[in-house]
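First comes the structure, then the notes that go with it.
Residue numbers (UniProt numbering): 1 to 79.
In structure tokens:
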């Protein structure tokens, strides 16, 4: 589960039905229940939504996102 830092109405406009289902939360955030073939795939879906987020579970997703961050940093910083 992911906490999207956006109201439900905004998340519903941005989240593809194939990426997950946004559910009511607070006025400023909502929950996203999502599944994917792998945590790498899930991380891409979440990043492409263009919404700030917080990983609630699974905790392993946090590590996948850290690895992606590090890979992007290396790519952007160059040799």
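Glycine included, C-beta positions come from ideal geometry on N, C-alpha and C.
Excluding five sequence neighbours on each side, which residues of the same chain lie with their C-beta closer than 6 Å to the C-beta of residue i?
i          : result
residue 21 : 33
residue 54 : 3
Could you tell me which residues DSSP puts in a beta bridge with residue i?
i          : result
residue 55 : 2
residue 80 : With the chain running from 1 to 79 in the structure shown, residue 80 is simply not present.
Looking only at its own chain, which residues have a Cβ that is under 8 Å from the Cβ of residue i, when we skip the five neighbours before and after it?
i          : result
residue 31 : 1, 2, 3, 4, 22, 23, 24, 25 and 56
Leaving aside the five residues before and after residue i along the sequence, list all residues of the same chain whose C-beta is less than 7 Å from its C-beta, in chain order.
i          : result
residue 50 : 14
residue 64 : 39, 40 and 43
residue 68 : 43
State yes or no: is the C-beta of residue i nearer than 8 Å to some heavy atom of the ligand SAM?
i          : result
residue 69 : This structure simply doesn't include the ligand SAM, nor any ligand for that matter.
How many angstroms separate the CA atom of residue i from the CA atom of residue j?
i          : j          : result
residue 19 : residue 79 : 34 Å
residue 70 : residue 35 : 24 Å
residue 61 : residue 7  : 23 Å
residue 72 : residue 9  : 30 Å
residue 28 : residue 52 : 11 Å
residue 76 : residue 12 : 31 Å
Report the option in the options whose CA atom is closest to the CA atom of residue i.
i          : options           : result
residue 16 : 28, 27, 29 and 47 : 47
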